[in-house]
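Presented below is the structure to which this report refers.
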Amino acid sequence: MNRTGLHPLVAIGLAGILAIALAGFGFPRGGQAAAPTTLVVAIGIDADTLDPEGQTTTTIANIVDYMFDSLVWPDDERSGVQPGQPQYTKLVPQLATSWTVSPDGLTYTFKIRQGVKFQDGTDLDAEAVKFNVQRWLDPAVRNPNRYYFTDIDPSRIETPDRYTVVLHLKQSSPTLLGRIAAGPGEILSPAAVRKIGNDKIPLGPADAGTGPYIFKEWIHGDHITLVKNPNYWGRKPYFDVVTFRVVPNAGTRETMLRAGDVQLAFAPPAPDLPGLRRDQSLRVVEGPSDRDVFIGLNNQWGPLKDVKVRQALNYAVNKQAIIHSILFGLGTVLESPTTPALFGYAKVQAGGWPFNPVLAKKMLAEAGYSQGFTVTFRTPTGRYIQDYQFAQAVAAQLANVGVKAQIQTTDWPTYVKWITTPLEQTPVQIFVLGWATQYLDADGELFGQFYSGQWPPRGLAPSFYKNAKVDELLLAGQTTADPKKRVAIYKEAQDLIWKDAPWIFLWSQNFYVVTSSHLEGVRTTPNEKFAAIYATWK
């Protein structure tokens, strides 16, 4: 076995396929029979892991979705639903053909699809699902989204027959099905996991899924290649090979798209969108998303411990000007810690935190920083729309009120390590980040980012924010069945978080990809995925 998880002979056999994949698009069906049909996608970042449970990044979750299925799934192209536009909040069967919930909300019974095999040849059955649920909850497995599943009692998972799984909950969970329908709920082969080992799965989960594509190669920093699963139980995809090219520079992604070296490019430069829309050889696919983009503030570091300082930094940044001049309109100023795409959203402040550098300087002086202070400002490059560019603009505006923000950037896997380091060792002071919950509920945003139990390494809340009342509200929101009461709970929580200013609240970004005009069937989803598994070439 080599480091890709493949037998050397298999790897040699793939060389021809990969050569075509990396050269660009091969031949459409009806062309030369010997050539595979290949789709090449340019993304801005490399993966940090391909294990569904370890996901931190929606872009990489797109890739993982090609290889794995979940018990249930949102009603999008991934579910096999064909006609009309998807109702993304509706859940439909995938590896479970049906499910029931007890009247008290504490027992979930799933009927498992029969005749499905994992890519390693082993059978999907109730015991395999039970293994995965226990793995979701296993503290030895890296799972930043473990809170998705902690309402499940791991000691009370029943398999009354080969194709029935019964989950008993410790408390009611109105969002549990939505969480199971997200990427961290995707199902792996128990045999493959035992063979590879939990700590090896990030290197490539060969043969571990039931999905329409199989992992073949990962050359770090360059590409990830998948090939079609010939034995897939569901709807068969069009392309034989899909290669994700790692291209951090947005301009380079556009150049490759125009040259035909790739057929789908993640977020080419925002300034070029008008021209891209006019180009009849291309197609811009775009829509609103649930992603908050923000400047995270380490609430436990130096000056940022003071709420007055954090509020001052919000006044110091002109969000609307940056959206207009750098994002070219591809964003909407945040008026709340959540976005309107989520159940439980409540507008806190119309227009967001106003731009008022005079007040910002006054508040900094009142907090004892009349001469300002110096802070390390970390940002990714190629992860969010114009991320490095808007970080420079934010740094310039902070400098205007005396805060000297020293920008640092790196590749995405290293960036993830920075923001997932425990408080005692964390290098982050202020940082660019975006959050798009995979299930469209305020719980996914608020609990994931503002519940103190989600501080790294347990979760993905690197602002290290803590408010006991907010913690209490967020826990209540997770167990309250009445939707009206949940809305009231989340409104109170959003009001408190907004005033505490644990972030510099920026904007909700629009999400877009650009494709060849010959590539059809690509859509974007509200949780910021590009749905291209069933794209076709015309």
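437 is the number that my numbering gives to position 437 of the sequence shown; each next residue is one higher, with no gaps.
From the three backbone atoms N, C-alpha and C, an ideal C-beta is built for every residue, glycine too.
Cβ neighbours of Leu473 within its own chain (closer than 7 Å, five residues either side excluded): Ile489, Glu492, Ala493. Between the alpha carbons of Leu330 and Thr381 lies a distance of about 17 Å. Inside the stretch 142-220, DSSP marks whole beta strand (DSSP E) runs of 3 or more residues at positions 152-161, 164-169, 213-219, from first to last along the chain. Within the same chain, Cβ atoms closer than 6 Å to the Cβ of Ser452 are found at Lys466, Asp471, the five residues on either side in sequence being excluded. If you draw a 10 Å sphere on the C-beta of Lys485, you find fewer than 16 other C-beta atoms in it, and that means exposed.
Gly197 counts as exposed, since fewer than 16 other C-beta atoms from the protein chains shown sit within 10 angstroms of its C-beta.
When rounded, the separation of the alpha-carbon atoms in Thr437 and Leu460 is 12 Å. Ser98: member of the beta strand (DSSP E) spanning 96-101, first to last residue.
Across the structure, Asn145 and Val284 are spaced so that their CA atoms are roughly 32 Å apart. In terms of Cα proximity to Val101, the closest of Phe110, Thr49, Pro93 is Phe110. The straight-line gap separating the alpha-carbon atoms of Ala350 and Ala481 is approximately 29 Å. Taking one beta carbon from each stretch, the stretch 311-331 and the stretch 355-372 have 3 or more pairs nearer than 8 Å; the two touch.
Residue state for Lys117 is assigned as strand, using DSSP reduced to three classes. Nearest C-alpha to Leu176 among Tyr108, Thr164, Ala140: Tyr108.
DSSP places Thr338 outside both helix and strand once states are collapsed to three, so it counts as coil.
The beta-carbon distance between Gly209 and Phe68, rounded to whole angstroms, is 4 Å. This is short enough to meet the 8 Å contact definition.
If you look at Glu286, you'll find it in the beta strand (DSSP E) that goes 282-287. For Trp498, the enclosing alpha helix (DSSP H) starts and ends at 483-500.
No Cβ-Cβ contact shorter than 9 Å links Phe239 with His223.
The residues Ala270, Pro271, Leu273, in chain order, have a CB closer than 7 Å to that of Phe328 in the same chain once the five nearest residues on each side in sequence are set aside. Contact between Ala181 and Ser70 holds, since their C-beta atoms are separated by about 6 Å, short of 8 Å.
The continuous beta strand (DSSP E) containing Asp292 extends over residues 292-297. Three or more beta-carbon pairs separated by less than 8 Å link the stretch 121-134 to the stretch 152-165, which places the two stretches in contact. Annotation: the stretch 323-385 contains the following complete segments of the alpha helix (DSSP H) (minimum length 4 residues), in chain order: 357-366. Under the DSSP assignment, Leu475 falls in the alpha helix (DSSP H) whose first and last residues are 468-479. When Phe390, Arg458, Leu433 are compared, the shortest CA-CA separation from Thr421 is found for Arg458. Under DSSP, Glu520 takes part in a beta bridge, and its partners are Thr536. Taking the CA atoms as reference points, Asp125 sits about 28 Å from Thr225.
Within its own chain, the residues whose Cβ lies closer than 6 Å to the Cβ of Thr374, once the five positions on either side in sequence are excluded, are Lys404, listed in chain order. By the neighbour-count criterion, in which 16 or more other beta carbons inside 10 Å mark a residue as buried, Asp151 falls on the buried side. Gln449 carries a helical assignment under DSSP once its states are collapsed to helix, strand and coil. Straight-line spacing of the CA atoms in Trp136 and Lys216 works out to 25 Å. Between Ile45 and the set Asp153, Ile214, Thr524, Thr409, the nearest pair of CA atoms involves Thr409. In this structure, the straight-line span from the alpha carbon of Ser516 to that of Leu91 is close to 30 Å.
Under the DSSP assignment, Gln392 falls outside any beta strand (DSSP E), being part of the alpha helix (DSSP H) whose first and last residues are 387-399. Restricting attention to Ile385, Thr525, Thr426, Leu359, the CA atom closest to the CA of Gly402 is found in Leu359.
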